[in-house]
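**Q** Next up is a structure, given as structure tokens.
Protein chains: 2
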Amino acid sequence: MQRKSFRTMPCPIARGLDRVGEWWSILILRDAFAGMTRFEEFRESLGIAPGMLSRRLVALVEAGLLERRRYSDTPPREEYVLTPRGEDFRPVLLTLLDWGNRHFAPEGPSVQIVDAATGAPAEPVLVDRATLRPIEAPEFRLVAGPAAGRGMKARLARERPRDLLGRKEISA
Amino acid sequence: MQRKSFRTMPCPIARGLDRVGEWWSILILRDAFAGMTRFEEFRESLGIAPGMLSRRLVALVEAGLLERRRYSDTPPREEYVLTPRGEDFRPVLLTLLDWGNRHFAPEGPSVQIVDAATGAPAEPVLVDRATLRPIEAPEFRLVAGPAAGRGMKARLARERPRDLLGRKEISA
DNA sequence: CGCCTCGCTATCATCATGGAAGTCAGTTCC
DNA sequence: GGAACTGACTTCCATGATGATAGCGAGGCG
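Protein chains in written order, with my numbering: chain A, -3 to 168; chain B, -3 to 168.
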């Protein structure tokens, strides 16, 4: 009766969550992106129990998001650094940050993404690299890919007459 | 000794995770975006225990991501629909989907975002709405916002000489 | 030598999860 | 009009996951 794994589900969201969906994992990644590498740094920044931190780090290393390496033999010291797969997670963190800022920061944002050149706050939007059109628009849809099974097709098929992933409209 | 809450942390990522960071929550949202609204739909699609689904739905409603409403009195039937705040979560889901596709779909993607006009697969990139420049670039940084406390500033200050949220370079 | 740091591991009380079964209002079948 | 169904849950309970605290081993510091 252990926690159900999402690993075998065909959905890429489920597969991804299987690696980063646990309590603490994403915050650890956040700190890794902020430049932290050492056990004590994470532990102090997060206020997490050492046992838990240890388990999460092992899981993230196994998932290929972090790499553990010894940077000193005497004294023995380890560090955890983001792998390319881990670095690639940044956009998820940034969209989550933006969402959090817009909905759960009544006193104003505590972190902002700014244009280093102008100092102006940036407003992240997802666009298609080729056309630069916002992916939120009704011109983009989700479709079953080459490796889709029945279940996936069923889920996508029941997609509503709204557009991408079910949106109705963008409220400014 | 209950599960630690992220709600009081100033970080927008932590605040957001406090609402959607539990096991199942994001998959429920995924299905909601796919057009599902009813208890039985979610339960069947996810293979989740009814008790768990019930708790997660209540939490998502309390967090303001879903709205529960009765659409029939006889027989009594409820449905769960995305609120504006929930709809606003879509970009996070899409970046996660893209990340999952690129890293955990060895047999090829099972879901793809495509341009409805051309049918070509879209490649999501985060850009600044005003300048359309990719936010991944070194020209964007994270800075402490108006509501940042000491802890937040400390974390941002120790940011490495890499660029945004610690990236080194984009690997194609 | 005594004390401190870093990176953990060990223990243990308590909480959350997952599975199965039951409830309640109404609907449909025959 | 009674049996069987459906949808949306609730209750219960055996376990696994968490969180707090304590301790350990290798080494450094004064």
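For each residue, glycine too, the CB sits at the ideal point set by N, CA and C.
Within 10 Å of its beta-carbon, does L92/A have 16 or more other beta-carbons around it, so buried, or fewer, so exposed?
**A** Along the first sequence, read from residue 1 onward, the residue named residue 92/A stands at position 96. That one is buried.
**Q** Looking at the structure shown, is A140/B part of a helix, part of a strand, or coil, going by DSSP?
**A** Walking along the second sequence from the start, residue 140/B turns up at place 144. Strand at A140/B.
**Q** Considering only the alpha carbon of each residue, which of I9/B, L61/B and D69/B lies closest to D27/A?
**A** Taking the first sequence and counting its residues from 1, the one referred to as residue 27/A is at position 31. Considering only alpha carbons, the answer is I9/B.
**Q** Output the distance between the C-alpha atoms of E165/A and R86/B, rounded to the nearest integer angstrom.
**A** Locating residue 165/A in the first sequence gives position 169, where the first residue counts as 1. Locating residue 86/B in the second sequence gives position 90, where the first residue counts as 1. Residue confidence is low: E165/A scores 37 on pLDDT, short of 50, so the model does not pin down where it sits. Its coordinate-derived value is still stated next. Straight-line Cα distance between these residues: approximately 12 Å.
**Q** Once you ignore the five residues that flank L89/B on each side, which residues in its own chain have a CB closer than 8 Å to its CB?
**A** To locate residue 89/B, count along the second sequence from 1; it is residue 93. Excluding residues within five positions, the ones whose Cβ falls inside 8 Å are I22, L25, R26 and F29.
**Q** Give me the Cα-Cα distance between S41/B and A101/B, rounded to the nearest whole angstrom.
**A** On the second sequence, residue 41/B is found 45 positions in, with the first residue counted as 1. On the second sequence, residue 101/B is found 105 positions in, with the first residue counted as 1. The straight-line gap from Cα to Cα measures roughly 20 Å.
**Q** Looking only at C-alpha atoms, which of R11/B, G115/B and A55/B sits nearest to A140/A?
**A** The residue you call residue 140/A lines up with position 144 of the first sequence. Comparing Cα-Cα distances from A140/A to each of R11/B, G115/B and A55/B, the minimum goes to G115/B.
**Q** Cβ closer than 9 Å: which chain B residues qualify as neighbours of E119/A?
**A** By one-based count along the first sequence, residue 119/A stands at place 123. Correct list: D124, R125 and A126.
**Q** Straight-line CA distance for R163/B to W20/B?
**A** Position 167 of the second sequence, counted from the start, is the residue given in the question as residue 163/B. Position 24 of the second sequence, counted from the start, is the residue given in the question as residue 20/B. Residue placement at R163/B is flagged as unreliable, the pLDDT there being 38, under the threshold of 50; a coordinate-derived value is accordingly withheld.
**Q** Among R39/A, T33/A, F136/A and G60/A, which one has its Cα closest to the Cα of G96/B?
**A** As a working note, residue 96/B is residue 100 in the second sequence. Here the closest residue by C-alpha is G60/A.
**Q** Taking the alpha-carbon of P120/B as reference, which of A126/B, E132/B and A113/B has the nearest alpha-carbon?
**A** Walking along the second sequence from the start, residue 120/B turns up at place 124. Cα-wise, what sits closest to P120/B is E132/B.
**Q** Does DSSP put R81/B in a helix, in a strand, or in coil?
**A** Along the second sequence, one-based indexing puts residue 81/B at 85. R81/B falls in the helix class under three-state DSSP.
**Q** So, using beta-carbon positions, are I44/B and L138/A closer together than 8 Å?
**A** On the second sequence, residue 44/B is found 48 positions in, with the first residue counted as 1. On the first sequence, residue 138/A is found 142 positions in, with the first residue counted as 1. Not in contact: I44/B and L138/A (Cβ atoms no closer than 8 Å).
**Q** If you measure from the beta carbon of R137/B to each beta carbon in chain A, is any gap under 8 Å?
**A** Counting from one through the second sequence, the residue named residue 137/B turns up at place 141. Taking Cβ atoms only, chain A reaches closer than 8 Å to R137/B, which makes this a yes.
**Q** Quickly, what does DSSP pair P130/A with across the bridge? List them, please.
**A** Against the first sequence, residue 130/A aligns to sequence position 134. DSSP, once it has assigned bridges, lists V123/A as partnering P130/A.
**Q** Give the secondary structure of I44/A by DSSP, where H, G and I count as helix, E and B as strand, and everything else as coil.
**A** Walking along the first sequence from the start, residue 44/A turns up at place 48. Here I44/A sits in coil by DSSP.
**Q** Taking C-beta pairs closer than 7 Å, name the residues in chain B that V54/A reaches, listed in chain order.
**A** Here residue 54/A is taken as the residue at index 58 of the first sequence, counted from 1. Those within 7 Å of V54/A in chain B number zero; the least Cβ separation is about 18 Å.
**Q** Let's test the definition: count the other Cβ atoms within 10 Å of the Cβ of A113/B and tell me whether it reaches 16, buried, or not, exposed.
**A** Position 117 of the second sequence holds residue 113/B. With fewer than 16 Cβ atoms within 10 Å of its Cβ, A113/B is classed as exposed.
**Q** Taking the alpha helix (DSSP H) that L25/B falls in, what are its first and last residues?
**A** The count along the second sequence starts at 1 and reaches residue 25/B at position 29. It spans S21 to F29 - the alpha helix (DSSP H) in which L25/B sits, taken as one unbroken run.
**Q** Mind checking L160/B: buried by the 16 CB within 10 Å criterion, or exposed?
**A** As a first step, residue 160/B is located in the second sequence; it is residue number 164 there, counting from the start. At L160/B, the pLDDT of 46 sits below 50, so the modelled position is not reliable; the number obtained from the coordinates is stated separately. Per the 10 Å Cβ criterion, buried.
**Q** By how many angstroms is the C-alpha of T127/B removed from the C-alpha of R51/A?
**A** One-based indexing of the first sequence puts residue 51/A at position 55. One-based indexing of the second sequence puts residue 127/B at position 131. Rounded to the nearest angstrom, the two C-alpha atoms are 42 Å apart.
**Q** Anything in chain B within Cβ reach of Q(-2)/A, meaning under 7 Å, just list it in chain order.
**A** Counted from its first residue, the first sequence places residue -2/A at position 2. Within chain B, no residue comes near Q(-2)/A; the closest Cβ sits about 11 Å away, beyond 7 Å.
**Q** Over what stretch of residues does the beta strand (DSSP E) that includes R210/A continue unbroken?
**A** Only positions -3 to 168 of chain A appear in the structure, and residue 210/A is not among them; the question remains open.
**Q** With C-beta atoms as the reference, is V107/A less than 8 Å away from C7/B?
**A** Counting from one through the first sequence, the residue named residue 107/A turns up at place 111. Counting from one through the second sequence, the residue named residue 7/B turns up at place 11. A contact, by the Cβ cut-off of 8 Å.
**Q** I want to see whether chain A comes within less than 8 Å of S106/B, judged by CB atoms only; does it?
**A** Indexing the second sequence from 1 puts residue 106/B at position 110. Interface residue, yes.
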